[in-house]
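*Asks:*
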Amino acid sequence: MKKVLMILIILISITIYTPILINDYIVLSTRNRIITTEESKTIKDVDCIIVLGAGIRKDGPSPLLEDRLIRGIELYNENISNKIIMSGDHGKSTYDEVNIMKDYAIEKGIPSKDIFMDHAGFSTYDSMYRAKNIFKAKKVIIVTQEYHLPRALFIAKKLGLDAYGVASEGNNYSGQKYRDIREFLARNKDFVKTIFKPKSKYLGDEIPLTSNGDITNDK
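Note that the sequence shown covers residues 279 to 497 in the numbering used here.
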């Protein structure tokens, strides 16, 4: 009976602590890849800036997404890279993150030809996979909120991207506690996913960043 109880305790401990250890590993292993805007100026030969999508509203980006866009535009204007990938969810005609993201950047003075839209960036994994395999990126700077950067950078590294992350302003949005819990679970999910490295569900033709971003336009 004692032996059975001991085995049960061990199994319960593994179940509880393994997700915590995975979460901590992802955070710690990517810490030195999270840099400031100023530090990003020392990174040479960056193929593109990747701005990851988030929620949108009828009149434009959500506050979460707008902060990401502001930071991505700042990096572009600092000449960190002359190409931006707007990667987000455009799975339905009624929901289109990427065109809103591109329109926002154009309104801020970014040339349309320098903005590539990844219409199938349905998840962080998809965004990183497609950046490497569709857009042929090798060295990138990822822009998202600080809580999200460790997972994005971890996936990028496992998929073979030389990636750095610059956090957007703001990290205390409405519903942030829910996002923190969701992120904890997503880190564990993507830890397993990067072991097997499945192809992104939607691929298509290659769109190298040496081309014109307008070829990704669908309007």
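We put the CB at the ideal spot given by N, CA and C, even for glycine.
Would you call Phe474 buried or exposed, if buried means 16 or more other Cβ atoms sit within 10 Å of its Cβ?
*Replies:* When all chains shown are included, Phe474 counts as exposed.
*Asks:* Of all the alpha helix (DSSP H) runs that stay within the bounds of the region 302-337, which reach a length of 4 or more residues?
*Replies:* 315-318
*Asks:* I'd like to confirm the pairing. Which residues does DSSP put opposite Ile433 in its beta bridges?
*Replies:* Ile433 is not bridged to any residue.
*Asks:* If contact is defined by three or more beta carbon pairs under 8 Å, each pair taking one atom from either stretch, is the region 484-491 in contact with the region 452-465?
*Replies:* no
*Asks:* Could you tell me the distance, in whole angstroms, from the CA atom of Phe462 to the CA atom of Asn301?
*Replies:* 6 Å
*Asks:* Output the distance between the C-alpha atoms of Ala445 and Val282, rounded to the nearest integer angstrom.
*Replies:* 48 Å
*Asks:* Report the rounded CA-to-CA distance for Ile294 versus Leu286, giving the unit in angstroms.
*Replies:* 12 Å
*Asks:* Please list the terminal residues of the continuous beta strand (DSSP E) segment that includes Ala441.
*Replies:* 440-445
*Asks:* So is Met279 buried or exposed if we call it buried at 16+ other beta carbons inside 10 Å?
*Replies:* exposed
*Asks:* Rounded to a whole number of angstroms, what is the C-alpha to C-alpha distance between Thr296 and Phe394?
*Replies:* Each residue's alpha carbon lies about 38 Å from the other.
*Asks:* What did DSSP end up calling Thr488 once you bin it into helix, strand or coil?
*Replies:* coil
*Asks:* With distances taken Cα to Cα, identify the nearest neighbour of Arg327 among Leu289, Leu439, Lys479, Pro341.
*Replies:* The sequence given here has Ile at residue 327, not Arg. Here the closest residue by C-alpha is Leu439.
*Asks:* In three-state terms, what does DSSP make of Tyr403?
*Replies:* helix
*Asks:* Looking at Tyr403: is its Cβ nearer than 8 Å to the Cβ of Lys471?
*Replies:* yes
*Asks:* Looking at the secondary structure, which residues open and close the beta strand (DSSP E) in which Phe394 lies?
*Replies:* DSSP places Phe394 in the uninterrupted beta strand (DSSP E) bounded by 393-396.
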